[in-house]
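Protein chains in written order, with our numbering: chain R, 7 to 281; chain E, 7 to 281; chain H, 7 to 281; chain P, 7 to 281; chain F, 7 to 281; chain V, 7 to 281.
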């Protein structure tokens, strides 16, 4: 089995997780074996991930030259998001987060490195308990963290000063697609006048949405929710939901801190090849 | 060990669950062995449950005579709640519920018995997954049911026409104490103009709250949420939250269908001995 | 044809309009010919009108003695509503109203009689244009009136200081059943912090709703909306909608000025025979 | 000048301040010189204060016997309000208050006496700076207090867990008349899900409002706001505003802790002579 | 009479309806007879229609060459709007619309052509009943449609998943001017989290609004509302209202799907000659 | 002492007030004595004022040539703001304003000059009573004005059709930093659907905020609030607060009338040197 095929299999089997990690792996794969067939195969592995498609679009013309630039983009991007986001965290604050986002983790750790004294409230994030990963990682980094069941999110938010979350995709309407529960919590944060930032690489923007195409919301196997789910019980296991731009203070990306509707313009200006 | 002590142990060990079941068991215990000491012991087993305290208050003067009346009260009450509540369910409706409430179960089954065609959306209700019990029981009764993770509650509610939930206690301010998440979902239901009913025996009313006493919100062991919870991670495992009367359409009890602030007056009128 | 039958026919043919007029006519009919059969027949003519049912309940035991008392009740009631309501109208105010309510008319005329200088904004109230009747009657009484199409109601309300409307029924949940559009306008009034009063005889209260029974919302013939309605077009011609108590400042009845949840208690206290 | 006349003058000249102090003084005056003329004179000194009118109503039949009972009522009432209210204050809380209310002061001091550790955010309350009196008195009682200008009230509330305020009058609609700014702050508190309690003697209830009479909102001299107010500048110096019952969690009175619409019923039941 | 004059008369007499049809006719007229006088005359026929003014601006320099391009613009634009909009409609959806918009019609028909199974709820849209035209046209195209009186709009929206409407003008503030009722319904849709799209050619944008100029809201003859309107009754017959950008998910134009504030930037970029 | 130093002292001692006046003075100072040291000194006098920093950035390369252009910028800007803003004021309107803004003053006076008949409601704006300056200046200009204490702002707004305010800084998130109270009043204005405009020179935009930097909110001496503030009383005297873009209809600047998120893009386009 070729190295290209190994990467493809790892992406398909979700051994590689996180939209950016998948995009990076695909870039490396294209550097090994380019061509329209490779491109189609890689896209087919995660048909709903804009970061994957955008990275391939950027690289496919000349993978040898563009591949390293793409990898550098992701590296730089994370550093900038961490820097800009860390400035939002002040001493004494409590930060709320839902699910697990590598960008949010980078922001929180950078703030800690800069000496900010703050604590984090997180949800456990059913069904896959990504909140446990968040809690463990923060605790390991010396950041005080308190975990709540998801239905305790309102109480956790009432006790917080800031809400940070990641993104799986961003549409031309300024909507952010992220873990189920994000919209519910962002609406509650808005009611409490709590600033709400989406921390993400800007390549999550999906340029096709300008033509009316919708991000599909993946419906996953009910067994993920209840292994021994009895016959007759139906389970609606939606992985994501759409967050309205009205309840997002700003998107923190490598392009800076911009409200969603400004972000859309900035990403088009910065990367005209995105289409 | 006396039969009285056996009942006490079962209450303490949570072998007997549900506020009404506990109250019934305490009534039976007092019929076996009355006296101030028995009263104090029984109350001490669940110091925050008004139904237990009210039942003891009703019975303790003359357990032989009043005990059977108390047990009859609970039996009749459930039947009336089922009858009144079932009238709220119409063909084609989707009913949302959170956690597991025997009163809500009685309402849904009665509606099914009357031939209503409806379906139910429920949450799984972490950390103890009482929603699974709800889903299983409804499915067993031939009622179509779809389960969501708790953070999918907003989406489940948007797709529902009615929200039914139970109660652990009701205060003089018209607040209902119920499973964590109930207030969050009731606020969302109100935003969507979805009628929201609390189905409960009226003995859940706590007469001491009129003097400013607050229902304590039990904070349970973090291990219930995460068995292998790592050191350094703090878990806030609140069992309940307070639901404001403004987001409750009415309380359906054996006294009829009343908005929370009317319910308070009706329960005082019906049971003057409640204090 | 007997005089009893003449009245029945007039009620059935909607020659007699308005819930109170119907109730008064039924009282007179019972005074002519009492008995269980007469009672059943009269109720069957308008099965969803509590005022009719309550009046019959009050009278049926002894129509000769109770009939005149019932008629007096309605007379006195209107006078008191007019008096209490008129006190809410101050010089310089603009009052918004929807549809045509004899109680609201009485209030406005009484305020005019007392020398208040105010103007009225009303809707035309499709499909039956009862707003035209309102506008004509007010203009005839020397009260300046401006009429808007129904979809201009938001603009009319923004320009108003008070919203007055009538009632067809009141439930144990404190909901008022009134002309379609009333809930939409009452929610807008609440957003603008505009006081909203329901002016009505208290016999509109439906005592059966305490047992979970719902007021049926009459769906009328589509031809009322579009005489030459083409094949294939469906028309949903709902006559009424339910107004939540949260958006009603108070109900002005012969019993005084009470928030909906207080009104319910007062009406039960004043008329224990209501059940 | 008779002692009766001295009291009258002191009330008129605002040497006696606070609705309850005025009521107490009037009771003492009536004990000195009763009769319809005395009654009319005393009421005329503060025509818009229900506590004064209710106290006179209670006493006037037999001042010798009823006067001491009235004075005792006020004494007992304050103690009970302090007791019930203090139970709402928990360690670590921040309490927001506006203006200066003797009932609120009693609650805060009682909580301090019971060992509660809390702090207070207060406004300065223009134009008469009653907030300074509040701040000084609390600081003197050893309670940490932070004062904000009135336009900083939103920020002060966001940082608070509880909002306590007094009352000048309560209407049959459940509205509380209190210092201008109270409604604005109570709406903000509701948005933040902050419990909001009105602490007051129940004799502030105005029984005439059931007949549609409105509490007049006193408009005071503009010089109170700007001593050297230049010609051409108009000043709208409203002393009070009406707080909707929807944004008040409960009224804490000597009758207990009741939502406004329940309070109205309880006060009528407790004092049937109120009318 | 010249052909130019014939077109002018038809525009003036409203024989030509709809902002785009008027703009197209004006383009044709200019192709027949150009010059400053012709331009001024055409603009004077509909002084408040940006599409007319923008089309003339585009064409007037060289009508022979630019005229056909303008006509092509409108043709292409409608096709693109239909394509982008149709992608928003999914099987099982109910779409709400108000008034009659040719762009919305194109979207709905395109969705039907693509095999989408959906139904439409529409208002009758007083005073001119354009909703009847909408209902008839949709029914003719085989799309199930249900019509409501305007005051039933809230109920129709609660039962819908999407709200589509047209535009008469768009301002630099992102406000859309459209049929009276649109703002009221868009606010209700926002409360229910229902996506709300304005479907329109981008030439409806009015570049003069950037300098603070306001779109005039035409007040039409009261007779349109009530033919036999009696003396003394005033009728406020406003044709349009302004919809705030906060309640519009996106504008679907030939430029793609953009939130209102992004749309404004995109239209300036695409058509720099717009000024 | 050099003239440069005199200007520096005047800025430091707040003899020169208002962000634009300070910027103008700094430009003049740089024209007298340029160089990195002068630049650093001038910025250090008001480290949180973007207008000062932006003006210095514009001028510092060649003060002789650029200085006059900067001064001209401010002159032209005020005239354009006045012109664009005045078009928003219609006969019969009431305009609400808070604090004192030279841009708002210019708009109101221009509207008066154009013959508009309107009146103004203003707050007194504690602690420095800038509202008195506003009231006096407007009254002097023949514009009817009514002043309210700050806590009467809700009532003043309910009686107004438009809310105009100034700006101290504008961030990349579209937030406007302005006098404390502005956010509270802007939220109330939004609830009442009252258009809310920020009138300001666009050089108040802070380009550093795109990198996550926050505008510091100055906390001033408590003595400003209470001269004889007693020991033990803490005073939180925040000068400003952040207004969310969602509650601002548009920013009226020399660049035209733009919603905050569009304004940000326009200012970057117009002044690319801003960074």
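From the three backbone atoms N, C-alpha and C, an ideal C-beta is built for every residue, glycine too.
Asked, Found
"First and last residue of the uninterrupted beta strand (DSSP E) at residue 205(P)", "201 to 205"
"Residues that residue 36(P) bridges to, as DSSP identifies them", "Looking at the DSSP assignment, residue 36(P) forms no beta bridge with any residue, so it has no partner."
"Cα-Cα separation between residue 253(V) and residue 191(V), rounded to whole angstroms", "10 Å"
"Min CB distance residue 219(P) to chain H below 9 Å", "yes"
"Inter-stretch contact at 8 Å, needing at least 3 Cβ pairs: the stretch 118 to 126 of chain F / the stretch 149 to 161 of chain F", "yes"
"Proximal chain E residues relative to residue 244(R), where beta-carbon distance stays under 9 Å", "154, 155, 158 and 161"
"Residues bridged to residue 256(F) [DSSP beta-bridge criterion]", "203(F)"
"Cβ shell of residue 48(P) (< 8 Å), same chain only, five flanking positions each side left out", "14, 17, 32, 35, 36, 58 and 62"
"contact_flag[the stretch 267 to 277 of chain P, the stretch 167 to 187 of chain P] where n(CB pairs < 8 Å) is 3 or more", "yes"
"Closest Cα partner of residue 238(E) within the set 143(R), 172(R) and 225(R)", "143(R)"
"Straight-line Cα distance separating residue 28(P) from residue 282(P)", "Any property of residue 282(P) remains undetermined from this structure, which presents chain P solely from 7 to 281."
"For residue 205(H) and residue 110(H), believed in contact at Cβ under 8 Å, the rounded distance", "5 Å"
"Three-state class that DSSP yields for residue 95(F) in the structure shown", "coil"
"6 Å Cβ shell around residue 91(F) - same chain, five flanking residues per side excluded", "113, 205 and 258"
"Residue 282(V) to residue 224(R) span [Cα, whole Å]", "Residue numbering for chain V in the displayed model covers 7 to 281; residue 282(V) lies beyond these limits and cannot be assessed."
"Chain-ordered chain R contacts of residue 91(F) [CB-CB under 7 Å]", "218"
"Assigned secondary structure, residue 101(R) (DSSP; H/G/I helix, E/B strand, else coil)", "strand"
"Beta-carbon spacing of residue 213(F), residue 280(F) below 9 Å", "yes"
"Residues bridged to residue 153(R) (per DSSP)", "128(R) and 241(E)"
"Nearest-angstrom Cα separation, counted from residue 211(E) out to residue 60(R)", "59 Å"
"Rounded distance between the beta-carbons of residue 84(F) and residue 170(F), thought under 8 Å", "The pair is not a contact, with the Cβ atoms about 14 Å apart (cut-off 8 Å)."
"Proximity to residue 199(F) [Cα-Cα], best of 154(F), 163(F) and 141(F)", "163(F)"
"Rounded straight-line distance, which links the Cα of residue 256(F) to that of residue 276(R)", "23 Å"
"Distance CB(residue 227(H))-CB(residue 240(H)) smaller than 9 Å", "no"
"Per-residue contacts from residue 215(V) into chain R (C-beta, under 9 Å)", "262 and 263"
"Rounded C-alpha distance that separates residue 64(V) from residue 25(V)", "16 Å"
"Alpha carbon of residue 247(H) to alpha carbon of residue 23(H), nearest angstrom", "19 Å"
"For residue 265(H) and residue 216(H), the rounded distance between their alpha carbons", "18 Å"
"Assigned secondary structure, residue 30(E) (DSSP; H/G/I helix, E/B strand, else coil)", "helix"
"Whole-angstrom distance between residue 141(F) and residue 131(F), CA atom to CA atom", "11 Å"
"Within-9 Å CB hit, residue 54(R) to chain E", "no"
"Residue-level contact to chain V via CB, residue 82(R), 9 Å cutoff", "no"
"Residue 179(V) - DSSP class collapsed to helix/strand/coil", "coil"
"Separation of residue 251(E) from residue 250(H), as counted between CA atoms", "13 Å"
"Residue 185(R) vs residue 157(E) beta-carbon contact at 9 Å", "yes"
"Nearest-angstrom beta carbon gap, residue 40(P) and residue 69(P) [assumed within contact, 8 Å]", "5 Å"
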